[in-house]
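With full-length UniProt numbering as the guide, the letters of the sequence shown map in order to residues 1 to 981.
Cβ coordinates follow ideal geometry from the N, Cα and C atoms, glycine included.
Here the structure is a predicted model, which means the values were calculated and not measured.
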Amino acid sequence: MSDDQVDRQPSDFDTACMRARVQQGETKSVILTGSPTSLHRQISEDSSVFVRQKSKKDSTSGGENQSAISEHIILEKAQKDLTELLGLKNKSLMDGRIHLERIRAGQNLETQGSQDSNVVFVVNGRLIMLQAIVGEDKKEASLFTAGKGELVGTLAVLTGEPSFFTIRADTDVLVAIITKADFYLIMKEEPFIVLNAAHTTVKRMTPFVRQIDFALDWQRIEAGKALFRQGDTADCVYIILTGRLRTVITLVGGKKELVGEYGRGELVGIVEVLTQTERATTAFAVRDTEIAKLPSELLNVIKRKYPQIVTRLIHLLGERILGNLQSRNTVTLGDSMPFAPNPATRPTVTNLATVAVLPVSDDVPLTNFTLELQHALNGIGLTTRLSSDIVKTRLGSQALDSVNEFRLFSWLSQQEDLHRMVLYQCDVGHSKWNKYCMRQADCIVIVGLGHKEPTVGIVEKQLENVAVRAQKELVLLHKEDAETPRRTVEWLNSRGWCSSHHHIRCPNRVFSRKSPQKTIQMYEKLFEKEPDRLSDFSRLARFLTGTSIGLVLGGGGARGLAHVGMIKAMNEAGIPIDMVGGTSMGSFIGALWCEERNLTRFFQRAREWSFDMTSLWKKVFDLTYPVTSMFTGGAFNRSIESVFKDRQVEDLWIPYFCVTTDISNSTMRIHTSGSLWRYVRSSMSLSGYFPPLCDPMDGHLLLDGGYVNNLPADVMRTMGAQTIFAVDVGSHDETPLTNYGDELSGWWLLWKRWNPWSQPVKVPDMTEIQSRLAYVSCVRQLEVVKNSDYCEYIRPPIDKYGTLQFGSFDDIAEVGYNHGRTLFSGWIKGGILEKLFEEKEKSKEKQTRHKPKTKHATHVPVMAYFTDLAELVSKIDKPKSPSPKFGLYPSDSDEDEEIIGDDETDLGLDEYEDVLEEDDDEYEDEDEEELEENIAIESNPIYSQGSSSNSEHSESHQQKDSINKDKIEVRQRNNIKNRTD
1 MSDDQVDRQP SDFDTACMRA RVQQGETKSV ILTGSPTSLH RQISEDSSVF
51 VRQKSKKDST SGGENQSAIS EHIILEKAQK DLTELLGLKN KSLMDGRIHL
101 ERIRAGQNLE TQGSQDSNVV FVVNGRLIML QAIVGEDKKE ASLFTAGKGE
151 LVGTLAVLTG EPSFFTIRAD TDVLVAIITK ADFYLIMKEE PFIVLNAAHT
201 TVKRMTPFVR QIDFALDWQR IEAGKALFRQ GDTADCVYII LTGRLRTVIT
251 LVGGKKELVG EYGRGELVGI VEVLTQTERA TTAFAVRDTE IAKLPSELLN
301 VIKRKYPQIV TRLIHLLGER ILGNLQSRNT VTLGDSMPFA PNPATRPTVT
351 NLATVAVLPV SDDVPLTNFT LELQHALNGI GLTTRLSSDI VKTRLGSQAL
401 DSVNEFRLFS WLSQQEDLHR MVLYQCDVGH SKWNKYCMRQ ADCIVIVGLG
451 HKEPTVGIVE KQLENVAVRA QKELVLLHKE DAETPRRTVE WLNSRGWCSS
501 HHHIRCPNRV FSRKSPQKTI QMYEKLFEKE PDRLSDFSRL ARFLTGTSIG
551 LVLGGGGARG LAHVGMIKAM NEAGIPIDMV GGTSMGSFIG ALWCEERNLT
601 RFFQRAREWS FDMTSLWKKV FDLTYPVTSM FTGGAFNRSI ESVFKDRQVE
651 DLWIPYFCVT TDISNSTMRI HTSGSLWRYV RSSMSLSGYF PPLCDPMDGH
701 LLLDGGYVNN LPADVMRTMG AQTIFAVDVG SHDETPLTNY GDELSGWWLL
751 WKRWNPWSQP VKVPDMTEIQ SRLAYVSCVR QLEVVKNSDY CEYIRPPIDK
801 YGTLQFGSFD DIAEVGYNHG RTLFSGWIKG GILEKLFEEK EKSKEKQTRH
851 KPKTKHATHV PVMAYFTDLA ELVSKIDKPK SPSPKFGLYP SDSDEDEEII
901 GDDETDLGLD EYEDVLEEDD DEYEDEDEEE LEENIAIESN PIYSQGSSSN
951 SEHSESHQQK DSINKDKIEV RQRNNIKNRT D
């Protein structure tokens, strides 16, 4: 085909060839995509750089000539073997398209994610294929090894995808390399070599995996489409490869309730398949999602072949059931006090992989914000930032064209596999890139300037048509010296699609107006430092990764002043506070900290209010006829309102909630929006002292939240906090009461009380009985929190202080501070505190959904590309050495070479397993000997064609390997002939 024809109507193959030639010669620009410690490594990995070691000149005379002759002989033999391996008819196609390279042990020939993959033929030595384990920095899994005479890199070259693994020299190795561009030119002349090249990859898979491939179905679901619906027959399990699914249940009356969300690598529908019931929920795609469909019959076959999978499935089923029970317990406090659903409750974020960052207007410093967020996210896991410019730089200027959509999405999926989080930086105006970002996003972050007018941006309006099911978060940026935010409600009211909001105080560098180049240079230096754990950007990063730290403050009257000292101790210990929740006195202290966040002013304001509560005259003038309460509540209202003014809960710097008791509906209420002072006052309204406060929203009567949940750590958990600090300052009731029998005379109690010589008895009066009845639900919930494994329960020694002892502010606050300082110092020394901040799979297993994770570097991780799906479900360890029949090398029988033979499928289960075991045992012994021999002769640069191993020390092995080599060549020629026929 001539160049003119190509220009007029290029085919997909010609386009791929041109792209390969461009990629082989293009120069990558420096783009911030990695962690601060791996920035230089990340940039170098983006370029396909070969570690080339030229042949060392011999010190003796004539060494150069001898080395040149030797390499020429090796090159000719390697070219001959490659021609036969690929089945080329025209041997001249290889001329000038092969070059030799020497790689030292431990050096990388190719890095995972590289765009410029090449076909690599091992002349001498051994290569090892490694793959990064997602979520574990600097940890890699060993997939397989390639020895003398084997071909690697063909999969990435044939598919055009980035390299699936890192190719590293396990020993000093000599390889022959064909570049992608040259290989495509050869393919144009003889397309048949595609089958032979693909066979080099397929033969590494076991027949069992190949058979599974026939039973699997790979599907792509567009955003908003349903995967299955409630009531459908459960005949398969789904594995999410990329994307996100959301499950909802339709209740009686047609009301729909969110059940959960599932991300990459998770199983969906496993419970119904195992229990053989209909689908209990409806699953929708939150964004464009790729899944693997695992039929129930195939699952049964896997269970029969690998019985240990049953244990893993029972574990998964138990986790799901236990998670549902725990979730139900956090929603319902016993049978008498249900939870009142609150539409403003913050969503629980788990397993997000992609986040799109969308600006409200063109004056938002989007690049600076995204880089700042990336820096904070790198402290949790490896994060990359992608913009339209970055994508065009890496994939070409036409990467965003619709004709390249499949390749673009494949590359974006590759980035998800390589990183803990991918940030998609949207363009300011309408663009194709913005549409791609919306389709790929698990969560959309809408960024605006807090001091600007709360208007809806032009780009935001696209959300009404695309990615409507993706979670959306509003982020308002403020300067470092900004006062408390205002008019947040107006921002939210005009954006009904936002799930929650975040106020972010930004360093001055975020608002700097520097050129893009200088901005990149500035953040290069910043990436070399660890992110500030106490910054607002780190708080946002923990929210997006589901690792938020919550502080729960319990009620207890004046004893709650200990919270002030506890917060001071947490700040000194470097413990960030991402969310705050409280009840009664805890609601007041928590709201004060969320508004102020300056320790000096925080202490001062709390102290002033505390001493104001000791005023006797205010109490006297507030007395009233005790029909509902002893006081009118007016004086108490004014004291709370004087602290918070007209502040709204939405205007607080830190996400906040407080708990009240709704006596109109007999429910627990959780307040995350509305008038701050009113809901704080409601949460502190002790029955009998103050009247219930009427909710301005619905008119319901609200009382102290301590009657239903005095330490709402369970509520904090439902709001997405991974690590929870729960500080309890409640009073302890005396439990050893007197057993007075079946009857009780009040006269007898009066005599016992007046008689100084009688033995005292402990019997509650009517007031105490009513109080104990009121707190029954609270006591039950407190015991659940104490015994839970999802929070750190803390109780300062404040029992000696009374409920109304507000005049002892300094003493009570000091007790809380000293207790917290001692506690956290011990945690720091013992390494306990640092473990709480780590993003651990173990902590995630406490939640409703779970994601298995491989711990050992020698095993294939969950997110590996070539992963036996049986291993994904059962965590089956891979054999140390693959068998000849099912592993890397062909066996000694011609029948075993078939991908799926009739004899194999006709074997019974017991016979099939016996064959596997015999082959594994036989090959392990041979492989150990062969490995030792390969290592022993690594220094020999001459490539010997007649042997399939490097054994130079054992004559018997030479003969056996020579026979094996002959058989391999015969089978390869037969296979090529059969496929041609």
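Would you tell me roughly how many angstroms separate the C-alpha atoms of T488 and R717, rounded to the nearest one? 25 Å
With 16 as the cutoff for other CB atoms within 10 Å, does Y625 come out buried or exposed? exposed
Taking the beta carbon of I314 as the centre, do at least 16 other beta carbons fall within 10 Å, making it buried, or is it exposed? exposed
Taking 8 Å as the CB-CB cut-off, is E266 touching chain E? Looking for chain E here will not work: only one protein chain is present.
Taking the alpha helix (DSSP H) that P207 falls in, what are its first and last residues? 207-215
Using DSSP bridges, identify the partner residues of A226. F284
Between the beta-carbon of Q131 and the beta-carbon of F165, is there less than 8 Å? yes
Just to check, is the beta-carbon of S682 closer than 7 Å to a non-hydrogen atom of the ligand FMN? Of the ligands one can find in the structure shown there are none, so the ligand FMN has no counterpart to examine.
Could you give the residue range of the alpha helix (DSSP H) that holds G396? That residue, G396, is in no alpha helix (DSSP H); it is neither H nor E in DSSP.
Tell me which residues share the same chain as S798 and place their Cβ nearer than 8 Å to its Cβ, disregarding the 5 neighbours each side in the sequence. Residue identity differs from the one stated: residue 798 is Ile in this sequence, not Ser. Closer than 8 Å at the Cβ level, and outside the excluded window around I798, lie G556, R559, A562, V729, I812, V815, G816.
G153 beta carbon less than 8 Å from that of N118: yes
Member of S402, I444, K305 whose CA lies at the smallest distance from the CA of A356: I444
Through-space distance from V422 to L352, alpha-carbon basis: 9 Å
Option nearest A635 by Cα separation, candidates Y184, L382, P691: P691
Indicate whether F183 and G87 have their beta-carbon atoms separated by less than 8 Å. no
Nearest-angstrom Cα separation, counted from I640 out to N598: 19 Å
Around the Cβ of T111, are there at least 16 other Cβ atoms within 10 angstroms (buried) or fewer (exposed)? buried
Checking 8 Å against the spacing of the C-beta atoms, do A292 and L216 come in under that value? yes
Output the distance between the C-alpha atoms of S512 and C791, rounded to the nearest integer angstrom. 40 Å
Can you find the residues in the same chain that come closer than 7 Å, C-beta to C-beta, to Q805, ignoring five residues on each side of it along the sequence? A558
Pick out whichever of W433, R772, L418 has its Cα sitting closest to the Cα of L400. W433
Alpha carbon to alpha carbon, how far is Y523 from D554? Give it in angstroms, no decimals. Checking the sequence, you will find Gly at residue 554 rather than Asp. Between G554 and Y523, the C-alpha separation is close to 42 Å.
From E261 to R229, what distance separates their C-alpha atoms? 15 Å
In chain order, what residues of the same chain have a beta carbon less than 6 Å from the beta carbon of A713, not counting five sequence neighbours either side? V552, I724, A726, V785, C791
C-beta atoms of A482 and I380 nearer than 8 Å: no
S610, buried or exposed, once every other Cβ within 10 Å from all chains shown has been counted against 16: buried
Where G160 falls: helix, strand or coil (DSSP): coil
What is the residue span of the alpha helix (DSSP H) that S413 lies within? 405-418
Contained alpha helix (DSSP H) runs [length at least 4] in the region 733-770, N- to C-terminal order: 746-754
Using 10 angstroms around the beta-carbon of P696, count the other beta-carbons present and answer buried if the total reaches 16, otherwise exposed. exposed
Rounding to the nearest angstrom, what Cα-Cα distance links V428 and L395 in this structure? 21 Å
Taking C-alpha atoms, which residue in F208, I828, M570, L693 lies nearest to V680? L693
If you count every other CB in all the chains shown that lies within 10 Å of the CB of L782, and 16 or more means buried, which is it? buried
According to DSSP, is L151 helix, strand or coil? strand
Within 10 Å of its beta-carbon, does G807 have 16 or more other beta-carbons around it, so buried, or fewer, so exposed? exposed
For R597, which beta-bridge partners are listed by DSSP? For R597, which the question treats as bridged, DSSP gives no partner whatsoever.
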